[in-house]
Every structure is written in structure tokens, then in C-alpha cells.
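Enquirer: Can you keep this structure in mind? I'll have questions shortly.
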Amino acid sequence: MSDKQTHNDECWRLHTHHACAVEEIERLQAIVAKLPKTADGVRVTPAMELWVRQDGEILHFYATCIDFVAEGWLTQYGMHEWFIDEDCYSSEEALKAAEAERSES
317 MSDKQTHNDE CWRLHTHHAC AVEEIERLQA IVAKLPKTAD GVRVTPAMEL
367 WVRQDGEILH FYATCIDFVA EGWLTQYGMH EWFIDEDCYS SEEALKAAEA
417 ERSES
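According to the working numbering, the residues represented by the sequence shown are 317 to 421, in order.
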């Protein structure tokens, strides 16, 4: 096999590998784009710690159960259920900042 043929074969192999990698990245980006976001805009991933206010108390729990219902993304902890995009925050600081912003307006 000539050096030129070897070079062409290597270029084709790298091109094919790159195309497969690009397709895989696009596939994974599509999955991430479908993940729900917290009220402060952070994508929720399995086992992520979430923060909510329940009956005046700040609670945190891990998002082990996330369901899509007609009204939106729902998560639960024990007997409680929260809509991720309205009630849940990515950190206690984000929850407190949102509450402070609401009280100012």
C-alpha cells in the first residue's frame, strides 16, 4: 500500500470517527435539553439536591423521582410533591435570594 493510500485511509478513518463523535454529542445534548430546570434555571439531574420551602421551613432532598405530568415536571419526597420549575431551587442560597427578590417587589 502506498504512503498516499495509507494517508487517505487514515484521513477517512479520522473523518468517520469525528462524525460519529459529533452525532453522539448531539444525541447527548438533546437529552440534556429535555431535562427539567429548577426555578433558578439549573438543569436537574438524577440524585441532585433540591431545596424547597414547605410550611415555613426550608427542606432539601435528592431528586430521585422525577415525573412529567400534564402540569409539568414533578418531584416528590415522602408525602410531598413539588413542581420543579416553580418550587425547587438548586441551592439554599438560590431559594433565599428568590424569596428576597419577591419580597422587594
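We put the beta carbon where it would ideally sit given N, CA and C, even for glycine.
Any chance the region 334-348 sits against the region 373-390, with 3 or more Cβ pairs inside 8 Å?
Expert: Touching, no, given that fewer than three Cβ pairs across the two stretches are closer than 8 Å.
Enquirer: Hey, E276 and Y378 are a contact pair by Cβ (cut 8 Å); roughly how many whole angstroms apart?
Expert: With the chain covering 317 to 421 only, the question about residue 276 has no answer from this structure.
Enquirer: Does DSSP put L375 in a helix, a strand or coil?
Expert: Start at 1 with the first residue of the sequence shown, and residue 375 comes out as number 59. Note: L375 maps to strand in three-state DSSP.
Enquirer: Would you mind stating whether E405 and A363 have Cβ atoms separated by less than 7 Å?
Expert: Stepping through the sequence shown from its first residue, residue 405 is reached at position 89. Stepping through the sequence shown from its first residue, residue 363 is reached at position 47. A quick correction: the sequence has Tyr, not Glu, at residue 405. Contact flag unset, no.
Enquirer: Is it true that the CB of I374 sits closer than 7 Å to the CB of W389?
Expert: Residue mapping note: residue 389 aligns to position 73 of the sequence shown, counting from 1. Residue mapping note: residue 374 aligns to position 58 of the sequence shown, counting from 1. Not closer than 7 Å, so no.
Enquirer: Could you spell out where the beta strand (DSSP E) holding D401 opens and where it closes?
Expert: The residue given as residue 401 occupies position 85 in the sequence shown. Element bounds for D401: not the beta strand (DSSP E) but the alpha helix (DSSP H), I400 to D403.
Enquirer: With a threshold of 16 other CB atoms inside 10 Å of the CB of D371, please say whether the residue is buried or exposed.
Expert: Position 55 of the sequence shown, counted from the start, is the residue given in the question as residue 371. Exposed is the call here.
Enquirer: List the whole-angstrom C-beta distance separating W367 from E408, where the pair is believed to meet the contact cut-off of C-beta under 8 Å.
Expert: Residue mapping note: residue 367 aligns to position 51 of the sequence shown, counting from 1. Residue mapping note: residue 408 aligns to position 92 of the sequence shown, counting from 1. Yes, W367 and E408 are in contact; Cβ-Cβ is about 5 Å, under 8 Å.
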